[in-house]
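Notes for the one structure printed next.
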Amino acid sequence: MTAPALLRVSLPTTSPEPVRVLLVDDNDSMIARAAAALTPRCVVVGTAHNGAEALDAVGTLRPDVVVLDISMPGMTGLEVASTLRQQGSTAAVVFLTVHDDKDFLDAAQAAGGTGYVVKRRLVSDLIVAVQEARAGRSFVSALS
Amino acid sequence: MTIRSRYWSFSQVMLVLVVVLCELAPASFAWAADEHKRILVLYSTRRDAEFSIVGEDVLPKILDAGLGRDLDYYSEFIDVTRFPDPSYRVAFGDFIRLKYQGIPFDLVIAMGDVAAAFVATDRVRLFQEAPVVFLANNRDTRIAGNSSGFILERSFSGTLRVIEQLQPDVKNVFVVTGAAPADRAFERLAREQFRPFESRFAFTYLSALRASDLEQRLAGLPEHSIVYYVLVTEDGAGNKFHPLEFVDRITAAANRPTYSWVDSVVDHGVLGGDLYIQKAAVESIGRLALRVLHGERADGIGTSAINLNAVQIDWRQLQRWGINEARVPSGALVLFREASLWDRYNIYILGAVGILLIQSGLIAGLLVQRVRRRRAERELRASQEALRASYERLRDLSGRLLHAQESERARIARELHDDISQQISLLVIDLGLMRGDVAPQTQRLTNEALSRAEGIVRSVHDLSHRLHPPKLRLIGLVAALRDLQHEMSQLGVPVTFTHENVPMPLPLELTLCLFRVVQEALQNAHKYSHARLVSVHLHGESEGLTLTVSDDGVGFDVDEAWGKGLGLISMGERLEAVGGTFGISSRPEQGTKVNVFVPLSALRAPESVSV
């Protein structure tokens, strides 16, 4: 597996501690791909399939980064992010979504998202976005 | 005749001529000398007696009419009833002689027994050769010389037969007579005539009583009784009366019906009877007088008996005593019958009934009309109700149709997005992962598959977006409208979109509704208006949210367009469902403006469709 260019660029900024990540998506296959993309530099501390589970998991697992899908049954990822912000969570949020759209990006940033990754660029972009988010920086996939 | 005349001698002809002339001469002389007919009528009754009054009324008229020339008419009244003293008659004779001396009467008429007796006695002394015509009641009346007359005997018993028919239950007859000699003479005659009826009736003669006593007696008569008035010119106390006045007193006092024998008492409370008709008697004597005046010799006519009685009944008395009118003998004259209301007013009654019938008909017609109208109104209301109900059902149905359509679109969009998009995204990811591992000859295929899969992602995204933009739910109306603006602009319709103070978040149903309205309006503008510019403006105010979509296109006739396509109607229905209002104004060549207003209350409605 060849690491993408961005990944390499971001390597020097990663902290020695592995990043603790919570994966939130209603699709298990997507969670599996994301986990594969993040491993081994990150530690997937837990997964959640909807907004409510995600909020609970953030409270108990205290992840560094929450990877959030936007379109989910019940609460949307945007609402989950807003709620986390309101609850004073320090976890950084990286949206992982199929919405290849500027409006969604704006909405994601407004909701407090640090990174924004389009799913089809998961393999190349997610690890970068997570590590950048851990460092307090924003990473956004190239939108079509 | 002509043949025989040839044999007549001259002397014979002359003789005939002389005889004819001798015959004619005295007559023609008398006629010329005696232009007036002088007639003296002597009555046996006082001047104001009913018979005198009838006689004086009828007789001169008959004579006048019958003679055809001036009538020299005299009348005198021998009032022996009030002056019974024999010297009165002597004095009366002298009076007549002195009064009429030198007047050659052509006829003397004696009315009644007293007058007849007077003439019979004094005729030669007073009237010389004047012929006499008389009306007497006494069958023995005879007047010597050139005289003729009628004997009209008084009949009291005929009335008894009338009583038998009218009141079969009557048993007692109370006969009222007076104290004067004439009264007593009448009473004697009555008693004589009543004798054959004594087996049938019990007769009580109330003769010569004092008037007040008589009245008292008559007021207390037993049942099955009647009063029979004969004649009272003087009561037992010596008071003289006009007979008819006395009849009035009797009929007023009596508690039973009163009958009598002479027609003059009718209309004085008497029920009736077989009555002596005085006018008929006068007319008979008048006709007899005319025969004599016309030249017949009186003694050539002679004396005959006549009966001029007739049954007369006072209808009012029948009513007073409750006697059935059906019992009145046939041929009787019923007097004073009051015309019934029907007789008197039948024309008016018929008219009134006719009018009433017409009115009733009209009223009935109006009532029928009203019933029909009410029925029609009821039916109209019912059909209006049915129409409204079916309209409501239709609207409900179309509302549900819209809702179902939206739900279904939303469901499919989500399926596309959440499932298929995810799957393809996974495919893209996996192809991306594969790309590094495959052999160079398959590298190209993998890349192609990857770019095709990415194309599918975009297609699915677009399809999903058109069906039900996920932005509506996930981001909001403004973002969704901005996309719409972008899409339409790409189709060649320049669209401006402005917004201010739009509250966030809006209820999803309202968001969807406004989005669909704008979508519909923009599509209409694109398809029909040939607009150069379309403006969409969304504006939040304190009262609510205003949406305006206006274009500068060709416009259209709203009334005509309404209902032709689902567009306008569904816009209205969508807004109605969320409590908003929808208006469209357009005129040919003047563009179109769609105005939507959603009140504040609708902006906060928490209800949302499941999208």
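Here the protein sequences come in this chain order: A and B. Per the numbering used here, the first sequence starts with residue 1, numbered consecutively. Per the numbering used here, the second sequence starts with residue 1, numbered consecutively. Each residue gets a CB set at the ideal place from its N, CA and C atoms; glycine is no exception. All figures in this text were calculated on a predicted structure; none of them were measured in a lab.
key: Alpha-carbon to alpha-carbon, valine 232/B and arginine 38/B   = Annotation: arginine 38/B to valine 232/B spans about 35 Å, alpha carbon to alpha carbon.
key: DSSP-derived helix/strand/coil call for phenylalanine 203/B   = When DSSP states are grouped into helix, strand and coil, phenylalanine 203/B belongs to the strand group.
task = Report the neighbours of aspartate 179/A on chain B: residues whose CB is nearer than 8 Å to its CB, in chain order.
result = For chain A, the structure presents residues 1 to 144; residue 179/A sits outside this window and is missing.
message = So, does the stretch 413-422 of chain B touch the stretch 463-483 of chain B, judging by three or more C-beta pairs under 8 Å?
response = Segments in contact, yes.
ask   = So which residues of chain A does isoleucine 429/B contact, with C-beta pairs closer than 8 Å?
value = Ordered by position in chain A, the residues that pass the 8 Å Cβ test against isoleucine 429/B are Arg33, Lys119, Arg120, Leu122, Val123.
ask   = Is any beta-carbon of chain B found at less than 8 Å from that of valine 98/A?
value = Judged by the 8 Å Cβ criterion, valine 98/A is in contact with chain B.
query = Residue range of the beta strand (DSSP E) that aspartate 248/B falls in?
reply = Unbroken run through aspartate 248/B is the alpha helix (DSSP H), 243-253; no beta strand (DSSP E).
message = Could you give the first and the last residue of the continuous beta strand (DSSP E) run that contains isoleucine 313/B?
response = That run of the beta strand (DSSP E) goes 310-314.
query = Does the beta-carbon distance from serine 529/B to arginine 120/A come in below 8 Å?
reply = Going by C-beta atoms, serine 529/B is not nearer than 8 Å to arginine 120/A.
request  = Report the residue from Asp213/B, Leu214/B, Gly236/B whose alpha carbon sits nearest the alpha carbon of arginine 184/B.
outcome  = When only C-alpha atoms are compared, the closest one is Gly236/B.
message = Counting C-beta neighbours from all protein chains within 10 Å, is the total for glycine 553/B 16 or more, i.e. buried, or is it exposed?
response = Taking all protein chains in view, the Cβ of glycine 553/B is crowded by 16 or more other Cβ atoms within 10 Å, so the residue is classified as buried.
request  = Classify arginine 123/B as buried or exposed, calling it buried when 16 or more other Cβ atoms lie within 10 Å of its own Cβ.
outcome  = Counting Cβ neighbours within 10 Å, arginine 123/B comes out buried, since at least 16 surround it.
query = What does DSSP give as the partner residues of asparagine 595/B in its beta bridges?
reply = For asparagine 595/B, the beta-bridge partners assigned by DSSP are Thr548/B, Gly583/B.
query = Who are the Cβ neighbours of isoleucine 323/B in its own chain at under 7 Å, not counting the five residues just before and after it?
reply = These residues qualify, in order along the chain: Leu166, Gln167.
inquiry  = Suppose the cutoff is 6 Å on Cβ atoms and the five residues either side in sequence are ignored; what does the same chain contact list for glutamate 500/B look like?
reply    = Same-chain partners within the cutoff: His539.
task = State the Cα-Cα distance for the pair arginine 85/A and valine 517/B, rounded to the nearest angstrom.
result = So the two alpha carbons sit approximately 35 Å from each other.
ask   = phenylalanine 134/B by DSSP, collapsed to three states: which one?
value = Strand, per DSSP.
inquiry  = On a Cα-Cα basis, can you pick out the residue from Phe104/A, Leu105/A, Val94/A that is closest to valine 128/A?
reply    = For valine 128/A, the nearest C-alpha among the options comes from Val94/A.
message = Could you compute how far the alpha carbon of alanine 182/B sits from the alpha carbon of glutamate 338/B?
response = Using only the alpha carbons, I get a separation of about 36 Å.
Where glycine 146/A sits in the DSSP three-state scheme = An answer regarding residue 146/A cannot be provided, because it is not within the stretch 1 to 144 covered by chain A.
Methionine 30/A: contacting residues in chain B (beta-carbon distance under 9 Å) = Below the 9 Å Cβ cutoff, chain B contributes Gln422, Ser425, Leu426, Ile429 as neighbours of methionine 30/A, in chain order.
query = Who are the near neighbours of cysteine 22/B in its chain, counting only those whose CB is closer than 7 Å to its CB and skipping five residues on each side?
reply = At cysteine 22/B the pLDDT is 43, less than 50, meaning the model places this residue with poor confidence; the figure from the coordinates comes in the next sentence. There are no such residues.
inquiry  = Cutting at 7 Å between CB atoms, please list the residues of its own chain near glutamate 454/B, excluding the five before and the five after it.
reply    = Here the set comprises Val428.
request  = From the DSSP output, read off the bridge partner residues of tyrosine 43/B.
outcome  = Phe77/B, Met111/B.
message = Assuming isoleucine 429/B is part of the alpha helix (DSSP H), what are its boundary residues?
response = Taken as a continuous stretch (DSSP letters only), the alpha helix (DSSP H) holding isoleucine 429/B covers 422-435.
query = What residue does the beta strand (DSSP E) around asparagine 172/B start on, and which one ends it?
reply = Taken as a continuous stretch (DSSP letters only), the beta strand (DSSP E) holding asparagine 172/B covers 172-177.
key: Within chain A, the residues that leucine 433/B reaches when beta carbons sit closer than 7 Å   = Using a Cβ-Cβ cut-off of 7 Å, leucine 433/B is close to Val123 of chain A, given in chain order.
request  = Check the Cβ-Cβ distances between arginine 41/A and every residue of chain B, and say whether any is below 8 Å.
outcome  = No, no contact with chain B.
inquiry  = Would serine 451/B and glutamate 573/B be called neighbours here (beta carbons separated by less than 8 Å)?
reply    = In this structure, serine 451/B sits away from glutamate 573/B, with a CB-CB distance that is not shorter than 8 Å.
ask   = Which class does glutamate 132/A belong to by DSSP, given the choice of helix, strand or coil?
value = Correct three-state label for glutamate 132/A: helix.
task = Evaluate glutamate 234/B with the Cβ neighbour count: other Cβ atoms within 10 Å of its Cβ, from every protein chain shown; 16 or more gives buried, anything less gives exposed.
result = With 16 or more Cβ atoms within 10 Å of its Cβ, glutamate 234/B is classed as buried.
Identity of the residue in Leu244/B, His242/B, Thr258/B nearest serine 225/B by Cα = Looking only at Leu244/B, His242/B, Thr258/B, the smallest Cα-Cα distance to serine 225/B is reached by Thr258/B.
message = List, from N- to C-terminal side, the alpha helix (DSSP H) runs of 4 residues or more that fit wholly inside the stretch 462-498 of chain B.
response = Runs of the alpha helix (DSSP H) inside the stretch 462-498 of chain B: 470-474, 477-490.
query = With distances taken from CA atoms, which of Leu126/A, Thr39/A, Val19/A, Leu143/A is nearest leucine 68/A?
reply = Out of Leu126/A, Thr39/A, Val19/A, Leu143/A, Leu126/A has the C-alpha closest to the C-alpha of leucine 68/A.
ask   = Going by the CB atoms, is the gap between leucine 244/B and valine 265/B shorter than 8 Å?
value = For valine 265/B and leucine 244/B, yes; Cβs fall inside 8 Å.
request  = For serine 89/A, collect the residues of the same chain with a Cβ closer than 7 Å to its Cβ; drop the 5 residues on either side in sequence, then sort them by chain order.
outcome  = Same-chain partners within the cutoff: Val58.
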